[in-house]
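Counting in our numbering, the sequence shown runs from 71 upward without gaps. Ideal Cβ placement from N, Cα and C applies to all residues, glycine included. None of these values were measured; they are calculated from a predicted model.
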Amino acid sequence: MSIEVIKSVRTMQHRSSVLRQAGNSIALVPTMGFLHEGHLSLVDIAREKADIVVMSIFVNPTQFGEGEDFEDYPRDFERDLSLARERGVDAIFWPDADEMYPENYSTYVEVEELDKHLCGASRPTHFRGVTTIVSKLFNITRPDIAVFGQKDAQQGFIIKRMVRDLNLPVEIILGPIVREDDGLALSSRNTYLSDSEREQALALYRGLQAAKKMVESEEVDSNIIIEKIRSFFEAEPDVQKDYIEVVDLERLAPIERIDQPALIAVAAYVGTTRLIDNIIPKLSDCCG
Ligand code: PAF
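If you want it as structure tokens, here you go:
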């Protein structure tokens with residue numbers, strides 16, 4: 071099956087216009103590459119929803135803070151290309167950094183408030199970089215639909231808010247988290263983990279599973295749930311909490327009681343690798 075690799079903004083914009091004029095709908099799957107089944111499951115969703123699937127692969131420098139892993143972020147374009155081709159992606163937009171951020175680049179998109187907690191608290195410039203690049207990708211690929219993973223839940227909610235606030239003509243879909251058999255959420259960063267860290271990283275999943283059971287048994291006190299998750303982290307010598315939070319889905323701000331739809335999200339360093347995971351527990355009848 072043929073797959074087109076497009077490096078230039080103008081060519082991508084032109085190709086999308088031609089496809090749209092011919093009556094095709096376009097779904098975009100934005101990625102930073104080093105694809106795994108989590109990304110590919112988003113391609114499956116995109117395929118079901120649109121005629122043409124465009125994947126972008128771009129390790130976006132503006133969403134990495136100082137001292138973060140921009141340089142080390144895993145990259146393997148040939149492998150990505152073959153996985154994307156096998157999964158039925160029609161075109162890959164794979165620009166260079168100076169194509170996306172030419173000299174004197176000076177425009178940024180920022181969604182206020184929703185980036186104050188969770189990952190935004192420890193990565194203060196991260197979401198500004200994400201919303202900027204995602205806006206640019208929307209303008210370049212002109213999708214009807216864009217599919218993101220729920221693993222980056224805060225990112226997904228922020229992008230939804232940006233789309234609503236700026237009236238962007240694109241529907242945002244969040245695909246479910248894909249996990250290894252033992253529960254570890256798939257992430258390109260899992261490749262940094264040693265064998266022992268890989269084992270200890272399960273503390274994130276196990277903590278969240280325990281939290282889910284508690285909510286299902288009608289525990290509504292966020293602090294009790296947070297303490298439970300913390301106990302899983304503290305049992306592992308190389309797991310260092312970044313945050314454990316229970317937030318509402320509107321403001322992404324901490325809530326004391328789970329009496330409304332909520333996100334339970336965690337981030338932890340396992341060795342030097344920062345991992346995130348989350349659940350949106352189903353509320354029992356008492357709290358819905
Ligand atoms: O989720 C990611 O991989 C990135 O944040 C995204 C959405 C591709 C923007 O660079």
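Which runs of the alpha helix (DSSP H), 4 residues or longer, sit entirely within the region 326-358? none
Contacts around residue 351, its chain only, beta-carbon distance under 8 Å, and the 5 residues preceding and following it disregarded: Start at 1 with the first residue of the sequence shown, and residue 351 comes out as number 281. Result list for residue 351: 281, 282, 285, 286, 328, 332 and 334, in chain order.
Whose C-alpha, out of 271, 292, 118 and 318, is nearest the C-alpha of residue 347? Along the sequence shown, read from residue 1 onward, the residue named residue 347 stands at position 277. Cα-wise, what sits closest to residue 347 is 271.
What span of residues does the alpha helix (DSSP H) with residue 292 cover, start to end? By one-based count along the sequence shown, residue 292 stands at place 222. 292-304 is the span of the alpha helix (DSSP H), which, as asked, contains residue 292.
Can you tell me which of 148, 229 and 242 puts its alpha carbon nearest to the alpha carbon of residue 96? Here residue 96 is taken as the residue at index 26 of the sequence shown, counted from 1. Per the Cα distances, 242.
Near residue 356, which residues of its chain fall below 6 Å by C-beta distance, leaving aside the five closest residues on each side in sequence? Counting from one through the sequence shown, the residue named residue 356 turns up at place 286. Confidence is the limiting factor: at residue 356 the pLDDT is only 47, short of 50, which leaves the residue's position unreliable and the question unanswerable from this model.
Could you compute how far the alpha carbon of residue 358 sits from the alpha carbon of residue 317? Indexing the sequence shown from 1 puts residue 358 at position 288. Indexing the sequence shown from 1 puts residue 317 at position 247. Confidence is the limiting factor: at residue 358 the pLDDT is only 43, short of 50, which leaves the residue's position unreliable, though a coordinate-based value still follows. The straight-line gap from Cα to Cα measures roughly 15 Å.
Can you tell which of 342, 262, 314 and 191 has the C-alpha that lies nearest to the C-alpha of residue 307? For the purposes of this step, residue 307 is taken as the residue at position 237 of the sequence shown. Closest option to residue 307, Cα to Cα, is 342.
Tell me whether the beta-carbon of residue 179 lies closer than 9 Å to the beta-carbon of residue 244. Reading the sequence shown from its first residue, position 109 is the one you call residue 179. Reading the sequence shown from its first residue, position 174 is the one you call residue 244. In this structure, residue 244 does not lie closer than 9 Å to residue 179 by Cβ.
Following a CB-centred definition, is residue 343 positioned closer than 8 Å to any heavy atom of the ligand PAF? Here residue 343 corresponds to residue number 273 of the sequence shown, with the count starting at 1. Residue 343: no, Cβ never under 8 Å from the ligand PAF.
Take the Cβ of residue 93 as the centre, count every other Cβ of all protein chains shown within 10 Å, and call the residue buried at 16 or more, exposed below. Taking the first residue of the sequence shown as position 1, residue 93 is located at position 23. Answer is exposed; the Cβ neighbour count stays below 16.
Going by beta carbon distance, what residues of the same chain come within less than 6 Å of residue 106, once the five residues before and after it are set aside? One-based indexing of the sequence shown puts residue 106 at position 36. The residues are 256.
Neighbourhood of residue 326 by C-beta distance below 8 Å, restricted to the same chain and skipping five residues each side: As a first step, residue 326 is located in the sequence shown; it is residue number 256 there, counting from the start. Cβ within range, chain order: 291, 292 and 293.
Inter-residue CB distance, residue 101 and residue 125 (contact presumed, cutoff 8 Å): Looking up residue 101 in the sequence shown gives position 31. Looking up residue 125 in the sequence shown gives position 55. The pair is a contact, with the Cβ atoms about 6 Å apart (cut-off 8 Å).
Short of 6 Å in beta carbon distance, which residues of its chain neighbour residue 262, apart from the five on each side in sequence? Order them along the chain. Mapped onto the sequence shown, residue 262 falls at position 192. Answer for residue 262: 343, listed in chain order.
For residue 250, the nearest candidate out of 77, 108 and 118 (CA to CA): Position 180 of the sequence shown, counted from the first residue, corresponds to residue 250. Per the Cα distances, 108.
Where are the beta strand (DSSP E) runs, 3 residues long or more, that stay fully inside the region 157-233, in chain order? 161-163 and 215-219
Going along the chain, which residues of its own chain have a beta-carbon closer than 7 Å to the beta-carbon of residue 70, five neighbours each way excluded? This structure gives no information on residue 70, because the portion of the chain shown stretches from 71 to 358.
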